[in-house]
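Asks: Sharing a structure with you now.
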Amino acid sequence: MKKVVQSIHRAWSWFLDALFPPKCIICKQEGAWLCPQHRKFSPAPPNEASFEYLENIHAAVKYYDPTTEKLVELFKFRGFTQLADIMAEEIILRVGKDFFMNSILVPIPLHWTRKFWRGFNQADLIAQALQKRIPEAQIQHLLKRHKRTFQQAKLSREARLQNIRDAFSFSSPFGKSEGKSALGGQGDLNPSNSPFQGERNKNLPLFESERSSPQSRGPSPSLLKREGRYILIDDVVASGATLNAAAKVLKQCGVSRVDAVVFARGGK
Ligand SMILES: [Zn+2]
């Protein structure tokens with residue numbers, strides 16, 4: 011089924027390219043979304059912040075740069091989803107392919123209402139574009155955004171932190187059908203059993219080695235590997251509060267290290 015969907019998607023992209031050949035988003039020259047002259051990004055400023063749950067945020071390019079701002083705007087708000095390919099290529103160029111070897115890419119989810127109106131999750135598309143180029147990495151949708159948050163960029167740092175705190179929870183990648191047998195109809199963990207509502211619930215198996223335990227309450231957290239290379243994926247980072255809140259969920263499920271990779275870094 012997945013292959014059929016991918017084939018349809020490829021055919022549709024081919025059709026769109028034939029109908030609307032890519033043009034440089036800056037000078038309109040035909041042939042590519044960014045012509046060689048305009049495919050120039052400024053390197054991302056170094057990450058100077060430290061985070062409670064997140065190891066590091068690796069960013070490819072600087073956000074406050076005319077080309078990057080335009081690219082992100084067209085991608086996110088105007089539906090130019092093919093631009094995810096450029097973002098993935100820039101990420102690989104600057105972060106390095108090796109960093110992703112045998113990693114688990116975890117796209118930062120949108121709240122379902124925002125995804126509904128936008129029609130896609132930009133972090134998902136970047137993760138897919140990365141995975142297409144790095145087959146040694148896999149994508150797992152382990153997070154759910156259960157709290158609707160406001161546009162982060164428009165808020166002060168304090169307001170942002172308050173806004174994003176506890177916005178995420180663990181989401182079973184098995185989906186609803188698998189979750190049903192183990193979790194009584196819940197695709198996601200039952201909040202009362204959730205290991206990340208405060209301290210970890212010691213009765214829940216969190217690692218593969220514990221899966222055979224007869225007390226196993228469900229498959230979801232046991233999927234996580236303590237030493238797995240979990241990499242959160244997003245398009246733009248400002249303060250890092252969102253990524254840190256997402257990392258918190260994985261950490262509370264027992265993962266020992268969580269990194270993040272984004273296309274662009276805002277801030278100074
Ligand atoms: Zn151009």
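Under our numbering, the first residue of the sequence shown carries the number 11, and numbering increases by one thereafter. For glycine and all other residues, C-beta sits at the position ideal for the given N, C-alpha and C.
Using a Cβ-based criterion (distance less than 7 Å to any ligand heavy atom), does residue 19 qualify as near ligand 1?
Replies: Residue 19: no, Cβ never under 7 Å from ligand 1.
Asks: Look up residue 275 in the DSSP assignment and say whether it is helix, strand or coil.
Replies: Strand.
Asks: For a minimum of 3 consecutive residues, which ranges assigned as the beta strand (DSSP E) are wholly contained in the stretch 82-124?
Replies: As far as the stretch 82-124 is concerned, its whole beta strand (DSSP E) runs of at least 3 residues are 113-117.
Asks: Kindly list the residues whose CB is nearer than 8 Å to the CB of residue 100, restricted to its own chain and excluding five residues on each side of it in sequence; keep chain order.
Replies: The answer, listed in chain order, is 51, 70, 71 and 273.
Asks: Considering only C-alpha positions, which residue in the set 98, 156, 17 and 242 is nearest to residue 149?
Replies: Here the closest residue by C-alpha is 242.
Asks: Among all the DSSP beta bridges, which residues are the ones paired with residue 240?
Replies: Paired residues: 114 and 268.
Asks: So if DSSP puts residue 49 in a beta bridge, which residue, or which two residues, is it bridged to?
Replies: Beta-bridge pairing links residue 49 to no other residue.
Asks: Does the Cβ of residue 148 lie closer than 7 Å to at least one heavy atom of ligand 1?
Replies: False, no ligand heavy atom lies under 7 Å from that Cβ.
Asks: Are the stretch 172-184 and the stretch 137-146 in contact at 8 Å, needing three or more beta carbon pairs?
Replies: No, the stretch 172-184 is not in contact with the stretch 137-146.
Asks: Is the closest heavy atom of ligand 1 to the C-beta of residue 39 under 7 Å?
Replies: Residue 39: yes, Cβ under 7 Å from ligand 1.
Asks: Compare the Cα-Cα distances from residue 147 to each of 166, 126, 113 and 133 and report the closest residue.
Replies: Selected option, being the one with the closest Cα: 113.
Asks: In three-state DSSP terms, what is residue 216?
Replies: Residue placement at residue 216 is poorly supported in this model, since its pLDDT is 47, which falls under 50; the coordinates are not used for a value here.
Asks: Any chance the CB of residue 151 is under 7 Å from a heavy atom of ligand 1?
Replies: No, the Cβ of residue 151 stays beyond 7 Å of every heavy atom of ligand 1.
Asks: In whole angstroms, give me the CA-to-CA distance for residue 193 and residue 180.
Replies: Per-residue confidence for residue 193 stands at a pLDDT of 29, beneath the threshold of 50, marking its modelled position as unreliable; the derived number appears in the next sentence. In a straight line, the C-alpha of residue 193 is about 13 Å away from that of residue 180.
Asks: Taking only heavy atoms of ligand 1 into account, decide whether any of them is closer than 7 Å to the Cβ of residue 36.
Replies: Under cutoff, so the answer is yes.
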